[in-house]
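Below is one structure, written out as structure tokens; comments come after it.
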Amino acid sequence: MDRGGPPPPAPTVVNSGSGTGALRIQHSRRLPDFLQSVNLKYVKLGYHYLISNLLTLCIVPLIAVTLIEASQMNLDDVRQLWIHLQYNLVSVIICSAVMVFGLTVYTMTRPRPVYLVDYSCYRPADDLKAPFHRFMEHSRLTGDFDESSLEFQRKILERSGLGEETYVPEAMHFIPPRPSMAAAREEAEQVMFGALDKLFANTCVKPKDIGILVVNCSLFNPTPSLSAMIVNKYKLRGNIRSFNLGGMGCSAGVIAVDLAKDLLQVHRNTLAVVVSTENITQNWYFGNKKSMLIPNCLFRVGGSAVLLSNKSADRRRAKYRLIHVVRTHRGADDKAFRCVYQEQDDIGKTGVSLSKDLMAIAGGALKTNITTLGPLVLPISEQLLFFATLLLKKFFNGSMKPYIPDFKLAFDHFCIHAGGRAVIDELEKNLQLLPLHVEASRMTLHRFGNTSSSSIWYELSYIESKGRMHKGNRVWQIAFGSGFKCNSAVWEALRNVRPSQSSPWEDCIDNYPVKLDA
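Count along the sequence shown from 1, add 57, and you get the number used in our numbering.
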């Protein structure tokens, strides 16, 4: 239950003044309006990435011009060229050597493409569903929450965007709950092994063929590690390069993909598996501090397993190619560092506290991330408009609003981390998206809740299940995490993508989208 992604901020509970003690919730923070300010240094960083590919951009037109000129040569021109070269043999040899050397250096140093062969999302058993009435009844029967806290949780559930079919771990279905280490391990095994079993079955890949394993789980990090549990279960080979990422929040799934990508640049002809999950069993909060109760209402069981490859032969069967990963970390700022913070309350009960500044901090991290990502993905026309208005604002009119690029021109699909209804609402507004663009995020939140770092894969599966993913489409996955981090991954579809077998939406996709209450 990775509390790193920004769910709705801790609401302020006030008396309605009706004399009945009725409560209403006021959200004290919203994402900042991106139209108000854009920091120039992050734009420069994005343009640095663009300029780093300048050599390729210059060589391609040069080759095109050369081919056009060569196609216009006749037989006499070729004969004259041959005579000329015979009298300049040394120059020809030197030029040829330089060309061969340059081509060799380019071939050896260019980034290897990383392909997403397939992925799977875990779907829990139906007996783990937690409809609202059962959630509230169990919360009341535990005896840990006072009436104010119970009412607070009820209000959050009603406005959360979650539906009646999300899942909580088995340990939370008992009265009283049984959050033991054994139960937490059992939850982790069910989620990780469930996702991996489907992945290996769908791809026909043998576990022994996996060369790289990256696992991310924020709040449950036992010894031996979760990655070691996977190695033991599937008897992976002894020289596997395994990594276990902890405490990195809801954006850790993108971080894990980035780590796997870097490893695939070094190790040739290798398969990598990325497992993203969170563990709720030992991280449920049994206190009455309002800022620590919200995660109980939003986070639910879920996990994903992704198979990546740098083998050229895998391109034919791969679904996507990784285009960009852009990571933003605001941890140097004290407020950002502490806005999602695991701690004990006044009576010693452990939970994750959400700061009232969370939404503003998330907005700042998002602004930094998209202004860096923009120059990598936006059409030149959008970049010029954006940069020109930025310069005008800086040098002539400080009050002028900068031009916000239209990211719909760069991406066909958006997978926004389903951290909470308020986050999706604000991103839809500030990025000027259409309801269709955020449908996958809203429906994932409704059907599965906030599954932490794996939520972006449930969303991608939703888009595939709706038959909307076509060859050449670009997908933007964006996630937030404690620290505070905002990370983006950009994928390109290599074919018309259909969902794999045992998709989490397999038996319910026709029921969506559902109409949500305002």
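Backbone N, C-alpha and C fix where the C-beta goes; we use that ideal spot for every residue, glycine too.
- Around K292, the same chain offers P264, K265 as residues with beta carbons nearer than 8 angstroms, after the five sequence neighbours per side are excluded.
- A distance below 8 angstroms separates the beta carbons of S275 and M305.
- DSSP, reduced to helix, strand and coil, places L276 outside both helices and strands of the structure shown, so it counts as coil.
- Fully enclosed alpha helix (DSSP H) runs of no fewer than 4 residues occupy 238–260 of the segment 213–263, in order along the chain.
- Going by beta carbons, G218 and H503 fall inside the 8 angstroms limit.
- Following the DSSP letters along the chain, one finds A389 in no beta strand (DSSP E), marked with neither H nor E.
- T327: not part of any alpha helix (DSSP H); DSSP gives it neither H nor E.
- Closest option to L466, judged by alpha-carbon separation, among Y515, N530, F453: N530.
- In the structure shown, R555 falls within a coil segment according to DSSP collapsed to helix, strand and coil.
- Between the C-alpha atoms of D574 and M286 there is a straight-line separation of about 42 angstroms.
- Checking the DSSP bridge columns, you'll see Y398 partnered with S410.
- DSSP places A187 in the coil class of the three-state scheme, outside both helix and strand.
- Here H474 carries a coil assignment [DSSP, helix/strand/coil].
- Shown here, K292 sits in coil according to DSSP, grouped into three states, outside any helix or strand.
- Beta-bridge pairing by DSSP links R384 to N544.
- The beta carbon of R325 is closer than 8 angstroms to those of R169, N367 in its chain, skipping five residues each way along the sequence.
- Membership of I535 in the beta strand (DSSP E) is indicated by the continuous run 531–538.
- The beta carbon of M349 is closer than 6 angstroms to those of Y342, G408, S410 in its chain, skipping five residues each way along the sequence.
- Around the beta carbon of M500, 16 or more other beta carbons lie within 10 angstroms, which makes this residue buried.
- Using a Cβ distance threshold of 8 angstroms, M249 and V155 do not count as a contacting pair.
- Here V383 is not near P226, since their CB atoms are 8 angstroms or more apart.
- Straight through space, the alpha carbons of T385 and T425 are spaced by roughly 7 angstroms.
- About 7 angstroms separates the CB atoms of N507 and G477; that is less than 8 angstroms, so the two are in contact.
- Beyond the five residues adjoining it in sequence on each side, C354 comes within less than 7 angstroms, by CB distance, of Q210, I213, L214, S217 in the same chain, given in chain order.
- Distance from Y519 to A497 at the Cβ level is roughly 4 angstroms; contact confirmed, criterion being Cβ atoms closer than 8 angstroms.
- Rounded to the nearest angstrom, the gap between the Cα atoms of K347 and E208 is 11 angstroms.
- Taken through DSSP and simplified to helix, strand or coil, I140 comes out as helix.
- For K318, the number of other beta carbons within 10 angstroms of its own is at least 16, and it is reported as buried.
- Collapsing the DSSP output to three states places V480 in a helix.
- Excluding residues up to 5 positions away in sequence, G310, C472, H474, Q534, A536 lie with their Cβ nearer than 7 angstroms to the Cβ of I513 in the same chain.
- The beta carbon of Q558 sits closer than 7 angstroms to the beta carbons of N259 from its chain, once the five residues preceding and following it are set aside; these are given in chain order.
- Annotation: the continuous beta strand (DSSP E) that includes V363 extends over 360–366.
- In terms of Cβ geometry, E246 and T338 do not form a close pair [threshold 8 angstroms].
- Between R180 and P561, the CB-CB gap stays under 8 angstroms.
- Only buried fits W548, as 16 or more other CB atoms lie within 10 angstroms of its CB.
- Burial check for T280: the Cβ neighbour count within 10 Å stays below 16, so the residue is exposed.
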